[in-house]
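Its first residue numbered 81, the sequence shown is counted upward by one per residue in the working numbering. Note that the Cβ used here is the ideal one computed from N, Cα and C, for glycine as well. For reference, the structure discussed in these notes is given below.
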Amino acid sequence: MNTASYELIAANSTVNAVSAFIGGLVIAGALVWAVRLGIKVRRQESAPPTPDEQPRLPDTGAVHEIREMREPDEVPLAADESERLMPYNIHAAGSRHADDQHRKRWVPGSSGSFGSGGPGRT
Numbered sequence: 081m082n083t084a085s086y087e088l089i090a091a092n093s094t095v096n097a098v099s100a101f102i103g104g105l106v107i108a109g110a111l112v113w114a115v116r117l118g119i120k121v122r123r124q125e126s127a128p129p130t131p132d133e134q135p136r137l138p139d140t141g142a143v144h145e146i147r148e149m150r151e152p153d154e155v156p157l158a159a160d161e162s163e164r165l166m167p168y169n170i171h172a173a174g175s176r177h178a179d180d181q182h183r184k185r186w187v188p189g190s191s192g193s194f195g196s197g198g199p200g201r202t
């Protein structure tokens with residue numbers, strides 16, 4: 081090897097080091113700019129609600145859960161087969177309030193998982 085190749089290698093590594101340093105400065109500058117932009121946007125946002133603006137319980141107290149038995153609400157049949165059912169003909173919910181509000185209890189021997197080997201309902 082001669083002196084020219086050593087100078088070329090040294091110059092090439094110097095250029096690489098300088099370009100890496102400049103690239104690092106660009107990235108650091110972009111991060112500083114992003115943080116400053118975030119601070120500026122945050123200052124322009126409305127303030128968080130004060131304790132007086134927070135939601136409160138109603139005067140009657142907390143709303144309690146209602147338990148009720150539901151039964152399926154079947155899709156009504158059209159009077160004539162050529163008649164179309166429109167969205168307003170169909171009820172909003174898939175179930176409705178059951179007339180019988182007594183909870184059906186478990187009867188021994190009447191249930192079990194599928195394939196459990198039990199006799200099922202006898």
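Check                                                                                                                        : Outcome
His177 - partner residues in DSSP beta bridges                                                                               : Arg150
Assigned secondary structure, Asn82 (DSSP; H/G/I helix, E/B strand, else coil)                                               : coil
Proximity of Asp153 and His182 at Cβ, strictly below 9 Å                                                                     : no
Proximity below 9 Å, CB of Arg147 to CB of Ala178                                                                            : no
Chain-order list of residues whose beta-carbon lies under 7 Å from that of Ser175 (same chain, five-residue window excluded) : Arg150, Glu151, Pro152, Asp153
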